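FYI, the numbering for the sequence shown is 1 to 623, going by the UniProt record's numbering.
One structure below.
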Amino acid sequence: MSAVAAAGGTARAGGGNRVSGGDARAQRAANAAAPKIPHLFQRISTLFLPYRAALITTGILVLITAGLTVIPPLLTQQAFDLGLFPAGGKPNIPVLLELVGLMVLIWIVSAALGVWQTYLTAKVGNRVMGDLRIRLFSHLQRMELAFFTRTKTGIIQSRLQNDVGGVASVLTNTVSSVLGNTVTVIAALVAMLVLSWQLTVVAIVLMPLLVFVQRRVGQVRARIAAQTQESLSDMTAITQETLSVSGILLAKSFNRQAAEVARYSDENDNQIRLQVRQQMSGQWFFAIVQIFLSIVPAIVYLVSGYLINGGVDITAGTIVAFTTVQARLMWPLLGLMRVGLDLQTSGALFARIFEYLDLKPAISDKPDAMTLPASSTAGRVEFDHVSFVYPDGEPEHPTLDDVSFSVQPGQFAAFVGPSGAGKTTVSYLVPRLYEATSGAVKVDGVDVRDLQHQSLIDRLGIVSQETYLFHATIAENLRYARPDATGEELADAARRANIHERIMSFPAGYDTVVGERGYRLSGGEKQRIAIARVLLKDPAVLILDEATSALDSISERVVQDALDAAAHGRTTIAIAHRLSTIVNADVIFVVDAGRIVESGTHSELLALNGAYAGLYAQQLANA
């Protein structure tokens, strides 16, 4: 299954519909609602394996509690026949005291065991739900970059929050409910058979029909549940897109707040409709079941009259005990039916969760992957006849086409060219965010596919055009590179990035909260903090992806000074838009239509009077 399919056919980055169409959503929901139930429940059961001891204890408690609940009706029969209406005619008070005391003791013990059982089931259920959420989050962390470029963030968030949260009640209540209700139903049926097999036949005659109807209702509820979760995913995606800082700025800039509210309102109306359908589905079924089970005692009284007239020996105590047991049967039976429906409904949600867990990362370590030792990392980067096509691209039009070059340790290499030429793709292939379609990308002579990815990333530092800062303090953002860094090490990295004095000018200094995505800082300040963060990592290879293209000329000069300091003494690959920032590069590669068409120093390329000279002349004219 492709990641696109698993993501619900969400829009690719840069295009596609923002909201899924009704037909597509219905089809996805239908697919999710029809999982292979036995295999699915087998996978669900494996989630509970780490908690076997607690489950066994819960099972024992459930069995004891369920068994105890059937004893009082039998004691009721004895109370009627031996205590209230004995053969002598007068109530036997000592027998009544003994039987009533025993019943009270049983209910006290049952209540205490029930509290203990509830604690264990709540603990196990929530642990399993937490494990499932962590497992899903960890798996998503291992997915390749391409998965996230074609999947809405809100859709991913919905799987983690709405889908996992949607199965919470099933995880916390199912085991105890199934065990307890099953034992209670079996014990009640046995007790009913002991009291009167004739009346038992009357009480359960319609059960097979109810089970058949329950299965049909469950299938309907599963389909509605899948549609409901799909709608929740779309709502989460809309929320994430429009209520982020960038989304709010966009909406306000184009005066589209009313349109966004209308879009959210439409999906909200759809969600309300589905929630009502989900809650109402099966209500008539349960109403009919409840009516049937409620009128059974009256039918028992009627049938008992016919049986007594027919010569069958049935005492008043037997009739009272039987109807009491039958009443005990009603709620566990309803509970089992509800659990059955919940399991069918949650099957659709589990299918969506396992759908993501079954995705195979397109980029993963080989079993015998090598580690790149820090002490021996020189920083040589080489492309050996590399071609690359994006996952959704056209093979006949590769983004990179038979590209070969090498950057020596400590060298500053710049890549320039028109937009869409393939420059940024070079910066994606070195850290193996994407896999080369053909050829080899090498670091220190080793193909990156033969290296442990973590070992490779530890030797690289990346500063991109779009700086991402967490809604946290400056110190916390810097320590993202090295959690154990001291305050002095933070200050040293900030000084080399030309941002220390600016940080100290804030009232809170390094404890200043930068705001969502760093919006409380200027573009130049954010970029220099990002540079300081990379310097704290101290990588052997530095990748600069148009790190100054979005800055004004004054900020660009300040940031460029910081970049020059960061690049000193380490291999640097710079993707440049403004040629003025790379005129001192050791080597400049000119990329056009996925190929390297020129290479050399600034002066050498100007002397060629080719593509680079044309780009340089054009930028001078624009300046």
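Glycine residues also receive a C-beta, built at the ideal position from the N, C-alpha and C atoms.
Note that this is a predicted model, so its numbers are computed, not measured.
Range covered by the beta strand (DSSP E) that runs through residue i
| i | result |
| --- | --- |
| H471 | Looking at the DSSP string, H471 is not in any beta strand (DSSP E), and its letter there is neither H nor E. |
| residue 636 | This structure cannot settle anything about residue 636, because the visible part of the chain is limited to 1 through 623. |
| R482 | No beta strand (DSSP E) contains R482, which DSSP labels as neither H nor E. |
| I462 | L460 to S464 |
| T425 | Element bounds for T425: not the beta strand (DSSP E) but the alpha helix (DSSP H), K423 to L429. |
| G439 | S438 to V443 |
| E382 | V381 to F388 |
| I575 | T571 to I575 |
| I588 | V587 to D592 |
| V541 | V541 to D545 |
| H414 | Note that residue 414 is Ala in the sequence shown here, rather than His. Element bounds for A414: F412 to V416. |
Residue i classed as buried or exposed, judged by whether at least 16 other C-beta atoms fall within 10 angstroms
| i | result |
| --- | --- |
| A24 | Its pLDDT being 44, under 50, A24 is placed unreliably in this model, and the coordinates cannot settle the point. |
| I56 | exposed |
| K360 | exposed |
| residue 673 | Past the edges of the chain, shown from 1 to 623, lies residue 673, and the structure says nothing about it. |
| V325 | buried |
| M504 | exposed |
| A585 | buried |
| R273 | exposed |
| E396 | exposed |
| V124 | buried |
| R150 | buried |
| Y119 | exposed |
| E355 | buried |
| G317 | buried |
| K526 | buried |
| residue 680 | The structure shown has nothing for residue 680, since the chain only spans 1 to 623. |
| L49 | exposed |
| A146 | buried |
| Q619 | exposed |
Sequence-distant residues of its chain with Cβ nearer than 8 Å to residue i (five each side left out)
| i | result |
| --- | --- |
| P91 | G83, L84 and F85 |
| L357 | R135, L136 and H139 |
| P297 | T323, Q326 and A327 |
| A475 | G487, L490, Y510 and D511 |
| N622 | none |
| V300 | L199, V202, A203, I319, F322, T323 and Q326 |
| G410 | G379, G569, R570 and T571 |
| P418 | D592 and L615 |
| K366 | R449 and D450 |
Same chain only: Cβ atoms within 6 Å of residue i, ignoring 5 sequence neighbours per side
| i | result |
| --- | --- |
| V597 | V590 and A611 |
| V220 | S281 |
| V513 | T473 |
| D447 | A440 |
| L521 | V514 |
| I462 | I543 |
The alpha helix (DSSP H) enclosing residue i, as first and last residue numbers
| i | result |
| --- | --- |
| D269 | Q257 to M280 |
| F148 | L145 to T149 |
| E598 | Not the alpha helix (DSSP H): E598 falls in the beta strand (DSSP E), residues R595 to G600. |
| L136 | I93 to Q141 |
| V70 | R52 to Q78 |
| L199 | W197 to I204 |
| K526 | G523 to K537 |
| S158 | T153 to S158 |
Spatial neighbours of residue i in its chain, beta-carbon cut-off 7 Å, leaving aside the 5 residues before and after
| i | result |
| --- | --- |
| A29 | With a pLDDT of 43 at A29, under the threshold of 50, the modelled position of that residue is not reliable, and no figure is offered here. |
| I314 | S196, S304, L307 and I308 |
| A111 | none |
| A494 | H500, I503 and A532 |
| L193 | T200 |
| R432 | I363, V448, H453 and L456 |
| Y616 | L579 and L606 |
| N270 | S231 |
| A251 | T242, Q257 and E260 |
| L74 | A191 and A321 |
Neighbour flag for residue i against chain B, beta carbons, 8 Å
| i | result |
| --- | --- |
| Q275 | Given the protein chain composition of this structure (a single chain), no chain B is represented. |
Would you check if there are 3 or more beta carbon pairs closer than 8 Å linking the segment 370-389 to the segment 406-420?
-> yes
Pair every Cβ in the segment 233-240 with every Cβ in the segment 147-159, then say whether three or more of these pairs are closer than 8 Å.
-> yes
Just checking, does the segment 64-84 make contact with the segment 107-125 on the three C-beta pairs under 8 Å criterion?
-> yes
How about the segment 568-578 and the segment 421-428: do they share at least three Cβ pairs that are nearer than 8 Å?
-> yes
Answer yes if the segment 494-503 comes into contact with the segment 532-547, meaning at least three C-beta pairs across the two stretches below 8 Å, and no otherwise.
-> yes
Is the segment 460-479 touching the segment 506-525, taking contact as three or more C-beta pairs under 8 Å?
-> yes
Kindly confirm or deny that the segment 387-397 and the segment 559-570 touch, where touching means at least three C-beta pairs closer than 8 Å.
-> no
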